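Residue 150 in full-length UniProt numbering sits at position 150 of the sequence shown, and the numbers go up by one each step.
Each residue gets a CB set at the ideal place from its N, CA and C atoms; glycine is no exception.
Because the structure is a prediction, the values reported are computed rather than measured.
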Amino acid sequence: MEFYNFVWPDFGALGIDILLDIVKVVHCSLRQGKVAIHCHAGLGRTGVVIAAYMIWAEHFTYTEAISRVRTARPNSVQSRKQIRMVKDFGMFLEKHGAALPHEAGMVHLNDYMHMQVKILSSSQARKYHHIPKVLHAAMEELLLVVHGELDGRTRQWITNVLKCTSKIDREFLERWPARLPIPSKVKSQEIDICICGVMENCGEILDSSCKDAKIIKNGAFQMNNCTKFIRNNFRGNMLLLLRTLDQLMNSFIKPIIPKEEILGDLRRNNQHAVCCIN
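This is the structure we're talking about:
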């Protein structure tokens, strides 16, 4: 049994960051078993935590979350400050937790990654510390669409590459393309058509009138559920997967990586490759 105590004045409110930490502790604990959440009376602060968790994990609106908590335990989430706190928490996740930023060219990649670390659970934040989770999820689905089911060894290799754990040595540089099955001619043509379609749309991910656009715009496509969302809504649809990647990359302020940093990485990699050869 584990016990977590958070300093929180009775009838008071907390900042978003602290509430996020509490919610992630609840999430981690639920993966190991049952959780009991309780304050002095089991109504105000307890209700806020449960409502916040529903917003974060189940993507409830703040009104739905409060209503659900009060149905199970009347008079929960007692004060106006606490109601406002739940509302602010929901608005924060809606604004900053979207898998795809709402406006093109308005977000620095570093800021996006910082927010991802803040919003994802601790284990997920560690796993995706170097890459947007939605990028990882979309690329995995694209590999599945293009190459079909892959054997375990190839899947492990892909996982290592996506985690950036494969060593850059001579063998890796020479042989890595051969590890993936060659796409069929029909599949290659489909890729070409989809890429042309994405380029013609000039960064517009979806027609605003189509069903998939409404799914994305209603706040359901979040950082912490993007893998499941893509699997359920975009699996097998190469065009939507490519458009998702296109919108993600177009949402970042350019240049995404400064020229000097790229050149510096190339020099270091070349030096490392020479050392491996020698």
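DSSP beta-bridge partners of residue i
i, result
"F252", "V107"
"Q222", "A98"
Residue interval of the alpha helix (DSSP H) (run including residue i)
i, result
"L144", "K133 to H147"
"R235", "Unbroken run through R235: none, as it is neither H nor E."
"S122", "S122 to K127"
8 Å Cβ cutoff met for residue i and residue j
i, j, result
"Q82", "V49", "no"
"S251", "V134", "no"
"M238", "L120", "no"
"S76", "L30", "no"
"I66", "E141", "no"
"G105", "I253", "yes"
"C226", "A36", "no"
When the options are compared against residue i, the one with the closest alpha-carbon
i, options, result
"Q116", "P101, G105 and M106", "P101"
"N110", "F92, P132, A99 and R126", "P132"
"V86", "N250, M54, M106 and A72", "M54"
"L240", "M139, V23, F3 and L120", "M139"
"D17", "V107, G90 and V145", "G90"
"Q78", "H40, W56, E58 and L30", "H40"
"T46", "T63, V23, R31 and E58", "V23"
"S123", "K34, V25, V69 and V7", "V25"
"Y4", "A104, D21 and G15", "D21"
"L242", "E261, H38 and V145", "V145"
"H147", "E190, Y112, N225 and M249", "E190"
"N233", "E260, E261 and A137", "A137"
"A51", "W8, G33 and R70", "R70"
"residue 302", "H59, H129, R80 and K127", "Past the edges of the chain, shown from 1 to 278, lies residue 302, and the structure says nothing about it."
Worksheet entry | Complete alpha helix (DSSP H) runs within the UniProt domain "Tyrosine-protein phosphatase" (1-86) (minimum length 4 residues, chain order) | 16-30, 44-58 and 62-72
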